[in-house]
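To start, the structure itself, in structure tokens.
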Amino acid sequence: MVCYLESWAVYRPGKGSFDVEDVDPKICSHLIFAFAGLGSNSKIKVLDPWHELCKDYGECAYNRFTALKEKNSALVTTLAIGGWNEGSTKYSNMAMDPAKRKTFIDSSIALCKDHKFDGLDLDWEYPSMRGGKPQDKQNFATLLLEMSDSLHSNGMILTAAVSAGKDKIDGGYDVPKMAQALDIMNLMTYDLHGDWEPFVHHQSGLYPYPDDTGDNKNLNVDFAVNYWMEKGMPSSKIALGVPLYGRCWTLDDASKTDYYSPASQPGEAGPWTEEPGMWGYNEICYAQTTHPDQWTIKTAPGMNEPYAYRGRLWCSYENHTSVAIKASYAKEHNLAGMMVWSIDTDDFRGDCNARPYDLIKTMVETFSGGIITVPPPPPTTTRDPSAPTEPTTSTTTTTTTTVKPPPDDVCTEPGNNADPNDCTHYYECAPNGSGGYDATEEKCPAGTLFSPTNHLCDWAKTVCAEGNVCVNDCA
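Here you go:
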């Protein structure tokens, strides 16, 4: 499990503030501190010296971050350089010049040694794009190979965060050479849709949605994973990226809430992340938990990922069930593991779930434990442009089977709760603000049962092997 930490999370207000000491050092195998930058002299640049360094009474975030290894000797801590705000042009200029590459590599290794980082994560967004050059594809590969040699000779690792978009893969990545250089490739299978588009969609769908056409058919996790492997990246080096935040829009018409409904403006900023067009998972789940009557939560028919709306605010995001399905997908495809952006927007305080860091822990448990059923992709259809975006009375936009008060002994905590008499289904329980719960009954896929231990649907034989559970279904 690779976990990025947004260093600026420490400046968020209220419950959103997250510092190094808020990291649980035992749930991630690799922790990445984001970001360092690139200076005009081609040397690595510390972007927030007062917070990240110790000199001049600084807060020593680098040293405190790498000191987390004292609490988990197996933990790997690395430093990410780049990111969206750094742009592409200066990386393009550095990568094309052998002397500048050497300056960058030498300065990066020196900084890592000074602060006991175990390696570097390069997040150039993106070679050959955003002011880059066509030659970036080969220059980026050369840079990675030189970095790999230097880092490995110093006992350090090299990883990179890369795009899931076909145009960026084709234009910027020499995949066989990258496979030689990288220890892990962090695949950014998110931000596939967002408020830069005039319609709502899921930013990290596992499969194409039925109404997807043209290039949108390629904007999904399954396409990206398979395309990278077809181009030459071994599955054993791919960490599958999952966003612990939602992409949000402002609907043009509050009565039209299906996928592809018009939305020409970004969603309002979240209360803690304060960025229009996105909410952290912690913000979404907290708002739903504290004001459940204000939100409608749905899942498109045959799909795995939730979306929710409140008035004209519409957000697509991940939840306990969808991340478990993605982790199982990664395991079935023999991937290296999972990656999250970012640890500081999980429910790290445990405000919404029975435990802190529920999404990360769910992925770790699923990837290291039994494989759950990954539903197959739905059949692709062509949307009738004249059709209404809201369902008629004979259809539904959710996989929910019923909404009803459950038996008194079912909802014992927020989240997924077992029915003690029937493991073929379960109840998704949300506090109703009156001391009780609203429950949604969900069916497990064929061949699976709900595991009271892991709180998700797993193979029947795996659930029955857990012991005295599902007595009516495991006989």
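Per full-length UniProt numbering, residue 1 is the first one in the sequence shown, and the count goes up by one each step. Note that the Cβ used here is the ideal one computed from N, Cα and C, for glycine as well.
Residue i - DSSP class collapsed to helix/strand/coil
i      : result
VAL340 : strand
GLU441 : strand
GLY165 : coil
MET1   : coil
ARG130 : coil
VAL242 : strand
PHE35  : strand
GLU86  : helix
HIS333 : coil
ALA418 : strand
SER153 : helix
LYS461 : helix
SER328 : helix
VAL225 : helix
PHE450 : strand
LEU79  : strand
LEU359 : helix
LEU192 : coil
LEU219 : coil
LEU456 : strand
LEU111 : helix
GLN135 : coil
C-alpha distance - residue i paired with residue j, whole-angstrom precision
i      : j      : result
THR345 : THR412 : 25 Å
GLU146 : LEU456 : 44 Å
ARG130 : ALA95  : 15 Å
ASP419 : CYS54  : 53 Å
LEU68  : GLU318 : 28 Å
THR366 : THR290 : 28 Å
TYR309 : GLU197 : 18 Å
ALA141 : GLN294 : 50 Å
ASP252 : LYS137 : 40 Å
THR321 : CYS429 : 13 Å
TRP8   : SER163 : 23 Å
ASN472 : CYS444 : 15 Å
ALA179 : ASP56  : 41 Å
SER394 : ALA300 : Reliability fails at SER394, whose pLDDT of 26 lies under 50, so the model's placement of it is uncertain and no value is given.
CYS464 : TRP272 : 42 Å
LEU240 : ASP121 : 15 Å
TYR437 : ASN417 : 11 Å
ALA336 : ILE238 : 5 Å
PRO306 : TYR190 : 14 Å
THR362 : LYS326 : 10 Å
GLY270 : ILE184 : 32 Å
SER17  : GLU59  : 15 Å
ALA61  : GLU70  : 15 Å
GLY435 : PRO292 : 12 Å
Nonlocal neighbours in the same chain, by C-beta distance under 7 Å from residue i, ignoring five residues either side
i           : result
ASP118      : VAL76, THR77, THR78, MET156 and ILE157
PHE199      : TYR260, SER261, PRO262 and ALA263
GLU466      : SER451 and THR453
PRO421      : Just to set this straight, residue 421 is Asn in the shown sequence, not Pro. Closer than 7 Å at Cβ, skipping near neighbours: ASN472.
residue 496 : In the structure as shown, the chain begins at 1 and stops at 475. Residue 496 is therefore absent and cannot be evaluated.
PRO176      : GLY232
MET229      : SER235
Own chain partners of residue i with C-beta closer than 6 Å, once the 5 adjacent residues on each side are dropped
i      : result
ALA287 : none
GLN265 : THR250
TRP124 : GLY82 and TYR91
ARG12  : TRP272
CYS3   : CYS28, LEU31, VAL340 and ILE343
Residue i - partner residues in DSSP beta bridges
i           : result
residue 491 : Since the first residue of the chain shown is 1 and the last is 475, residue 491 is not available in this structure.
PHE199      : PRO262
GLU6        : ALA34
LYS177      : Answer is none; LYS177 lacks a bridge partner.
ARG310      : LEU313
GLU428      : ASN416 and THR440
MET278      : ARG247
ILE44       : LEU38
THR296      : TYR309
Close-in-space but distant-in-sequence residues of the same chain around residue i (CB under 8 Å, 5 per side omitted)
i      : result
ASP106 : SER150
ILE44  : ALA36, GLY37, LEU38, ILE81, PHE104, SER107, SER108 and LEU111
ASP22  : ASP344 and PHE348
ASN72  : PRO25 and LYS26
VAL410 : ASN417, ALA418, ASP419, PRO420, TYR427, CYS429 and ALA439
Any non-hydrogen atom of the ligand NAD within 7 Å of residue i CB
i      : result
PRO208 : No copy of the ligand NAD appears in this structure; indeed no ligand is present at all.
Test: residue i CB closer than 8 Å to a CB of chain D
i      : result
PRO292 : The structure shown has no chain D; it contains just one protein chain.
Pair every Cβ in the stretch 108 to 123 with every Cβ in the stretch 143 to 159, then say whether three or more of these pairs are closer than 8 Å. Three or more Cβ pairs drawn from the stretch 108 to 123 and the stretch 143 to 159 lie within less than 8 Å of each other, which places the two stretches in contact.
On the three-pair Cβ rule with 8 Å, is the stretch 353 to 362 touching the stretch 257 to 277? no
Specify whether the stretch 203 to 212 and the stretch 166 to 184 touch according to this definition: at least 3 beta carbon pairs, one from each stretch, less than 8 Å apart. no
For the stretch 264 to 283 and the stretch 211 to 223, state whether three or more C-beta atom pairs, one from each stretch, are separated by less than 8 Å. no
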